[in-house]
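Engineer: Numbering (full-length UniProt numbering), first residue to last: 1 to 247.
#1: What are the start and end residues of the alpha helix (DSSP H) that includes residue 145?
#2: From which residue to which residue does the alpha helix (DSSP H) around residue 180 run?
#3: Measure the alpha-carbon distance for residue 201 versus residue 224 and round it to whole angstroms.
#4: Helix, strand or coil, according to DSSP, for residue 117 in the structure here?
#5: Note down, in chain order, each residue of its chain lying with its Cβ closer than 7 Å to the Cβ of residue 167, except the 5 sequence neighbours on either side.
#6: Are residue 104 and residue 155 touching if we call contact CB-CB under 7 Å?
#7: In three-state terms, what does DSSP make of residue 111?
#8: Quick one: any contact between the segment 168 to 188 and the segment 41 to 48, if contact means 3 or more CB pairs under 8 Å?
#9: Flag this pair as touching only if the segment 59 to 79 and the segment 122 to 139 have three or more C-beta atom pairs under 8 Å; answer yes or no.
#10: If you draw a straight line from the alpha carbon of residue 211 to that of residue 229, how long is it in whole angstroms?
#11: Express the C-alpha separation of residue 17 and residue 142 in angstroms, rounding to a whole number.
#12: Could you check where the beta strand (DSSP E) with residue 85 kicks off and where it finishes?
#13: Label residue 197 either buried or exposed according to how many other C-beta atoms from any shown protein chain fall within 10 Å of its C-beta, with 16 as the threshold for buried.
#14: Any idea which residues DSSP pairs residue 122 with across the strands?
#15: In chain order, which continuous runs of the alpha helix (DSSP H) of length 4 or greater are located wholly inside the segment 181 to 223?
#16: Determine the burial state of residue 68: buried for a count of at least 16 other Cβ atoms within 10 Å of its Cβ, exposed for fewer.
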């Protein structure tokens, strides 16, 4: 799609949002776009192959989801009790580990060592949403200001160290998290780099791959070993040996 057609689609979607959406949805949209509505609208359009009506329906559904689940206030609502919160974060290894030279935040996810076994699906999904909102409302605005241009996406390094076949037992949690991302945080990840994949990764990947949308599958790159050379080629500032700084 050419630039003119893209601009026209964004204008149409913005017009529908302004003319046909109630004020509470417009207010929560501000937390979504963080001052850059065009970039936010483009993400929803990309997720629906630039079909304006479908993108509008997706966006409205997402904004309603935010209101119904009080997402705007989720960063002020820690998981209670505190011990449960700590247990969740100790078994859901996610951290901001650096930036690309273009300023794109790089998140490391310890897939292989994350057990997701200390709480119900609901609490792990809540924790994941908190991390998403922290990224979108704290990290991305920070790097946008630093680099002087809108930065609304991230890169994820998925570390498979310690991966076991038993990880497939957590498919319910992973599917729930993937669904939340697909419907409410579309096109937030530019690329997924898989590193330190053990021999059983191929078996797990055969199960997981069909569950992903095609546009997501195209973003996944499986690197050899720790992926150091490949990551340097794409000019990432993150160098191997991922350290997880829990958010």
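For each residue, glycine too, the CB sits at the ideal point set by N, CA and C.
For clarity, every value in this text was computed on a predicted model and none was experimentally measured.
Structural biologist: Well, looking at it:
#1: 140 to 147
#2: 171 to 184
#3: 12 Å
#4: coil
#5: 204
#6: yes
#7: coil
#8: yes
#9: yes
#10: 30 Å
#11: 27 Å
#12: Counting along the chain, residue 85 falls outside any beta strand (DSSP E), though it belongs to the alpha helix (DSSP H) covering 82 to 90.
#13: buried
#14: Partner(s): none; residue 122 has no beta bridge.
#15: 201 to 208 and 214 to 217
#16: exposed
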